[in-house]
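Peer 1: Starting off with a structure, shown below.
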Amino acid sequence: MRKFVVGAGATGLAAGFACGCPVFESDTVPGGMSRSYLLKPGKQRRWDLGPPDPSGYRFDHGGGHWIFGLDAPLKECLSHHGELDAYQRISSVFFSHRGTFVPFPIQNHLHCLEPAVARQCLEEILHPPQRECSTQAEWLEANFGPTLNALFFAPFHERYTAGLWTRLAPQDAYKSPIDRAAVIAGAAGNPRTAGYNTVFHYPRNGLSRMWADLARRVDVRYDHRLVRIDPVDKVLHFADGTVDPFDRLLSTLPLDQTLTLASLQPGSAPDPYTSVLVLNVGGPKGRSCPPDHWVYVPDSRCGLHRVGIYSNVNRSYLPQADRDSGRTASFYVERAFPAGKRLDDAATSQYATEAIRELQDWGFLQESEVQDCHWVEVAYTWTWPNSTWKQEALALLERHDIQAIGRYGRWHFQGIADSLREGILWGTALR
Ligand SMILES: Cc1cc2nc3c(=O)[nH]c(=O)nc-3n(C[C@H](O)[C@H](O)[C@H](O)COP(=O)(O)OP(=O)(O)OC[C@H]3O[C@@H](n4cnc5c(N)ncnc54)[C@H](O)[C@@H]3O)c2cc1C
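In terms of our numbering, the sequence shown opens at residue 302 and continues consecutively.
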């Protein structure tokens, strides 16, 4: 049987490791969106595994990728590929117009709001309307009430979903957990932490070193960009003109892309996705840089919705000379766009200038000494109300012996740990 995996990100590496089959990867390095790289002040070049001297900033391509949801067996597996450090999440909602921070999740910290507002939020959360919710917007308002919704959830989701939230099916309940006992405790000043990423891990030497070590045990065929799948004659066509017949295929590419490569389309209209422009930036730290790992911003001027602070997770993200002094800090800034609405180079550079100015105005950053933008085409995958597109698409591919797997293949939210578990599962099944 000729069995292959496509894509050497977290999912494909785990699948290739478990099945021993070749993994075709379009890039020259493993790790996909979660690979890291180094950038030195004053230099354009990106080093995948590290520059010749330790003066660079380390960033992750798709913004800070910190591994949440790691269980003991997976942690044991990964520790063979690099030493892992564990972290307790520090995260806030930042109201930039007022310059105030409320710990995340905001619904469990109502005591941080003005007393009258907190009382109103609590009253609304404890007495939700009894109604069916068919959209994400309705679900958020029904669960968090009009006051907290107007304060945070509505403006944040407008940015985070690039305006889609009023039309999407309710989803992301685990990202915005609602536990009424925790809300009451938080209103009384006894907050409880909650959410999917309260504890996370990061490899001490960066993700790329971990992926490179794992990839040494996997048969990765780099520089192999799949450009067409013939689902009838069962042939893979690559950009360099080579072909490979297959019997079974695991594809970690986004579901819509695998369908297009195979010229297969289900009857239903496709579910939507949003793209993210990631701005990585490092430089002398501002006077009011918070201690957080993630900051959620509902009211930025430039449209960003989340800032991650690499250097608050691990000093190894900084140039070696700055690791003890704390002189510098490094950030990633996320802004979402509707699918296909990619900014051109001039608009990207204009946006980067505005976002950096905003970080400076907030006192997070004094000045930028390195900056770099990455476009993540399929970043967040969503579902229309009552859509059956995903199920139809997966079934259609399966009928042609193509299994779409991973966060983008199966069109569902998950982090690196779940992607690795899914890869191991499907790779084992392919053996
Ligand atoms: C903005 C953002 C922030 C995130 N933050 C976190 C976080 O903090 N923690 C966390 O755990 N998870 C995070 N995630 C999720 C995480 O990125 C995914 O769960 C994980 O990277 C999925 O890995 P994958 O292998 O499925 O996909 P990818 O990493 O996208 O890998 C796909 C691979 O396929 C290759 N490829 C693409 N096209 C072709 C082709 N035609 N032929 C051959 N190869 C091809 C690509 O080069 C790539 O290597 C985040 C995601 C986003 C979008």
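C-beta atoms are modelled at their ideal positions from N, C-alpha and C, and glycine is treated no differently.
Quick caveat, the model's predicted, so the values are computed rather than measured.
Name the DSSP beta bridge partners of Pro-504, please?
Peer 2: Walking along the sequence shown from the start, residue 504 turns up at place 203. Looking at the DSSP assignment, Pro-504 forms a beta bridge with Leu-385.
Peer 1: Does the distance between the C-beta of Trp-367 and the nearest non-hydrogen atom of ligand 1 fall short of 7 Å?
Peer 2: For the purposes of this step, residue 367 is taken as residue 66 along the sequence shown, with counting starting at 1. For ligand 1, at least one heavy atom lies less than 7 Å from the Cβ of Trp-367.
Peer 1: Is the beta carbon of Ala-470 closer than 8 Å to that of Trp-685?
Peer 2: The residue given as residue 685 occupies position 384 in the sequence shown. The residue given as residue 470 occupies position 169 in the sequence shown. For Trp-685 and Ala-470, yes; Cβs fall inside 8 Å.
Peer 1: With a 10 Å radius around its C-beta and 16 neighbouring C-beta atoms as the bar for buried, classify Trp-676 as buried or exposed.
Peer 2: As a position in the sequence shown, residue 676 is number 375, starting the count at 1. Classification of Trp-676: exposed, given that the 10 Å Cβ count is below 16.
Peer 1: On a CA-only basis, which of Ala-730, Ala-653, Val-679 is nearest Ser-669? Give me that one, please.
Peer 2: Residue 669 sits at position 368 when you count from the first residue of the sequence shown. When each option's Cα is compared against that of Ser-669, the closest is Ala-653.
Peer 1: May I ask you to verify whether the region 553-563 touches the region 338-348, counting CB pairs closer than 8 Å and requiring at least 3?
Peer 2: Touching, no.
Peer 1: Could you tell me the distance, in whole angstroms, from the CA atom of His-502 to the CA atom of Ile-368?
Peer 2: Residue mapping note: residue 502 aligns to position 201 of the sequence shown, counting from 1. Residue mapping note: residue 368 aligns to position 67 of the sequence shown, counting from 1. Straight-line Cα distance between these residues: approximately 5 Å.
Peer 1: Assuming the contact rule is C-beta atoms closer than 8 Å, Val-528 and Gln-672 should be a hit. Round their C-beta distance to whole Å, please.
Peer 2: As a position in the sequence shown, residue 528 is number 227, starting the count at 1. As a position in the sequence shown, residue 672 is number 371, starting the count at 1. Rounded, the Cβ-Cβ distance is 33 Å, inconsistent with contact.
Peer 1: Would the beta-carbon of Gly-364 fall within 8 Å of that of Gly-724?
Peer 2: Taking the sequence shown and counting its residues from 1, one reaches residue 364 at position 63. Taking the sequence shown and counting its residues from 1, one reaches residue 724 at position 423. For Gly-364 and Gly-724, no; Cβs fall outside 8 Å.
Peer 1: Which whole-angstrom value is the C-beta distance of Gln-389 and Val-536, which I expect to be below 8 Å?
Peer 2: Residue mapping note: residue 389 aligns to position 88 of the sequence shown, counting from 1. Residue mapping note: residue 536 aligns to position 235 of the sequence shown, counting from 1. Wrong, their Cβ atoms sit about 50 Å apart, outside the cutoff.
Peer 1: Pull up the distance between the alpha-carbon of Gly-400 and that of Val-306, whole angstroms please.
Peer 2: Locating residue 400 in the sequence shown gives position 99, where the first residue counts as 1. Locating residue 306 in the sequence shown gives position 5, where the first residue counts as 1. Roughly 48 Å separates the two Cα atoms.
Peer 1: What does a CB cutoff of less than 6 Å around Gly-728 pick up in its chain, not counting 5 residues either side in sequence?
Peer 2: Indexing the sequence shown from 1 puts residue 728 at position 427. Correct list, in chain order: Ala-316, Ala-319, Cys-320.
Peer 1: Check each candidate in Trp-690, Leu-660, Tyr-497, Arg-588 and name the one with the smallest Cα separation from Phe-714.
Peer 2: Here residue 714 refers to the residue found at position 413 of the sequence shown. Nearest C-alpha to Phe-714: Tyr-497.
Peer 1: Given the structure, does Thr-494 come close to ligand 1, in the sense that its CB is under 7 Å from one of the ligand's heavy atoms?
Peer 2: For the purposes of this step, residue 494 is identified with residue 193 of the sequence shown, where counting begins at 1. Flag unset: Cβ of Thr-494 not near ligand 1.
Peer 1: In its own chain, which residues sit with a C-beta less than 6 Å from the C-beta of Leu-550, not counting the 5 before and 5 after it?
Peer 2: Here residue 550 refers to the residue found at position 249 of the sequence shown. Same-chain partners within the cutoff: Phe-305, Ile-703.
Peer 1: Confirm the yes/no value for this check: CB of Phe-325, any heavy atom of ligand 1, distance under 7 Å.
Peer 2: Within the sequence shown, numbered from 1, the residue matching residue 325 stands at position 24. Yes, the Cβ of Phe-325 comes within 7 Å of a heavy atom of ligand 1.
Peer 1: In this structure, how does DSSP classify Ser-631 when only helix, strand and coil are distinguished?
Peer 2: For the purposes of this step, residue 631 is identified with residue 330 of the sequence shown, where counting begins at 1. DSSP places Ser-631 in strand when its eight states are reduced to three.
Peer 1: Arg-505 and Glu-693: beta carbons closer than 8 Å?
Peer 2: Stepping through the sequence shown from its first residue, residue 505 is reached at position 204. Stepping through the sequence shown from its first residue, residue 693 is reached at position 392. No, Cβ-Cβ distance for Arg-505 and Glu-693 is not below 8 Å.
Peer 1: According to DSSP, is Glu-459 part of a helix, a strand, or is it coil?
Peer 2: One-based indexing of the sequence shown puts residue 459 at position 158. Note: Glu-459 maps to helix in three-state DSSP.
Peer 1: For a test of the three-state rule: what should DSSP assign to Gln-651, helix, strand or coil?
Peer 2: Within the sequence shown, numbered from 1, the residue matching residue 651 stands at position 350. Residue state, collapsed to three classes: helix.
Peer 1: For the alpha helix (DSSP H) holding Trp-683, just list the boundary residues, first then last.
Peer 2: By 1-based counting over the sequence shown, the position of residue 683 is 382. Run containing Trp-683: none; DSSP gives neither H nor E here.
Peer 1: Do Trp-683 and Tyr-574 have their C-beta atoms closer together than 8 Å?
Peer 2: Taking the first residue of the sequence shown as position 1, residue 683 is located at position 382. Taking the first residue of the sequence shown as position 1, residue 574 is located at position 273. A contact, by the Cβ cut-off of 8 Å.
Peer 1: Among Lys-476, Phe-547, Ser-576, Pro-585, which one has its Cα closest to the Cα of Ser-626?
Peer 2: Position 325 of the sequence shown, counted from the start, is the residue given in the question as residue 626. Selected option, being the one with the closest Cα: Pro-585.
Peer 1: Mind pulling the alpha helix (DSSP H) runs of 4 or more residues that sit fully within the region 462-504?
Peer 2: The qualifying runs are 481-488.
Peer 1: Count the other CB atoms within 10 Å of the CB of Val-544; is the residue buried (16 or more) or exposed (fewer)?
Peer 2: Mapped onto the sequence shown, residue 544 falls at position 243. Result: exposed.
Peer 1: Label Asp-593 either buried or exposed according to how many other C-beta atoms from any shown protein chain fall within 10 Å of its C-beta, with 16 as the threshold for buried.
Peer 2: Walking along the sequence shown from the start, residue 593 turns up at place 292. Per the 10 Å Cβ criterion, buried.
Peer 1: Output the boundary residues of the alpha helix (DSSP H) element that contains Trp-595.
Peer 2: As a first step, residue 595 is located in the sequence shown; it is residue number 294 there, counting from the start. It is not in any alpha helix (DSSP H) - Trp-595 instead sits in the beta strand (DSSP E) that spans 595-597.
Peer 1: Closer than 8 Å is the cut-off here; do at least three beta carbon pairs connect the region 431-450 with the region 460-476?
Peer 2: Output reads yes: the region 460-476 touches the region 431-450.
Peer 1: Is the number of C-beta pairs between the region 393-413 and the region 478-495 that are closer than 8 Å three or more?
Peer 2: Yes, the region 393-413 touches the region 478-495.
Peer 1: Quick one: is the Cβ of His-525 within less than 7 Å of any heavy atom of ligand 1?
Peer 2: Here residue 525 refers to the residue found at position 224 when the sequence shown is read from its first residue. Checking the Cβ of His-525 against ligand 1 gives yes.
Peer 1: Which residues does DSSP pair with Arg-432 in a beta bridge?
Peer 2: Within the sequence shown, numbered from 1, the residue matching residue 432 stands at position 131. DSSP output for Arg-432 lists no bridge partner at all.
Peer 1: So, at 6 Å on beta carbons, what are the nonlocal neighbours of Phe-454 in its own chain, with the 5 sequence-adjacent residues on each side left out?
Peer 2: Along the sequence shown, one-based indexing puts residue 454 at 153. Around Phe-454: Leu-441, Phe-445.
Peer 1: What number of angstroms, rounded off, separates the C-alpha of Asp-534 from the C-alpha of Ile-657?
Peer 2: Here residue 534 corresponds to residue number 233 of the sequence shown, with the count starting at 1. Here residue 657 corresponds to residue number 356 of the sequence shown, with the count starting at 1. If you take the alpha carbons of Asp-534 and Ile-657, they lie about 51 Å apart.
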